[in-house]
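Undergrad:
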Ligand SMILES: [Zn+2]
Ligand SMILES: [Zn+2]
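In our numbering, the protein residues as written are -19 to 139.
(1) With a floor of 4 residues, list each alpha helix (DSSP H) that falls wholly inside the region 77 to 103, ordered by position along the chain.
(2) Smallest Cα separation from residue 111: which of -19, 39, 96 and 83?
(3) Once DSSP output is grouped into helix, strand and coil, what is the label at residue 33?
(4) Between which two residues does the alpha helix (DSSP H) holding residue 67 run?
(5) Give the DSSP bridge partners of residue 21, in chain order.
(6) Whole angstroms is fine: what's the gap from residue 1's alpha carbon to residue -5's?
(7) Using 7 Å as the cut-off, classify the Cβ of residue 13 as near or not near the heavy atoms of ligand 1, replying yes or no.
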């Protein structure tokens, strides 16, 4: 029977240990990449964060991505919130006009999940992205968007 393991992830979203039950020797309190605290439970509802699934007789080697939202309460995990905040800060800092800034802020969270508006929101974000200075889009926005965007959103954006 497949066994759902628990993931240990730092507050900034670095995967510390995707099999914290099976391989507890790799568990640490803090992230060695960024120094943030590591969590294995949702800070909103206390549910364990899903890690790797172990199958009988199958060698574990797949790297999994930290989930964006809690599967029990639906709240964004801290790393999702932080990335969205960073994206909003980026667009506020940019030279875009007020209408574009508002459209970006209104749509950025929608691309983090799959819902009926995801693709449209992704297209809007992409077209606003084209108006950003190259460095802001390529070095700041794109890497954050790749981390938060759902598969549907990434497809719509060609990422
Ligand atoms: Zn970290
Ligand atoms: Zn939760």
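The beta carbon of each residue, even a glycine, is placed where N, CA and C say it ideally should be. Quick caveat, the model's predicted, so the values are computed rather than measured.
TA: To lay it out plainly:
(1) 78 to 88
(2) Stepping through the chain shown from its first residue, residue 111 is reached at position 131. Of the candidates -19, 39, 96 and 83, the one whose C-alpha sits nearest the C-alpha of residue 111 is 83.
(3) Within the chain shown, numbered from 1, the residue matching residue 33 stands at position 53. If DSSP states are grouped into helix, strand and coil, residue 33 belongs with the strands.
(4) Position 87 of the chain shown holds residue 67. From DSSP, the alpha helix (DSSP H) with residue 67 extends over 58 to 73.
(5) The residue given as residue 21 occupies position 41 in the chain shown. Bridge partners of residue 21: 28.
(6) Locating residue 1 in the chain shown gives position 21, counting from the first residue. Locating residue -5 in the chain shown gives position 15, counting from the first residue. Cα to Cα, the separation comes out at about 14 Å.
(7) Position 33 of the chain shown, counted from the first residue, corresponds to residue 13. Residue 13 Cβ: within cutoff of ligand 1.
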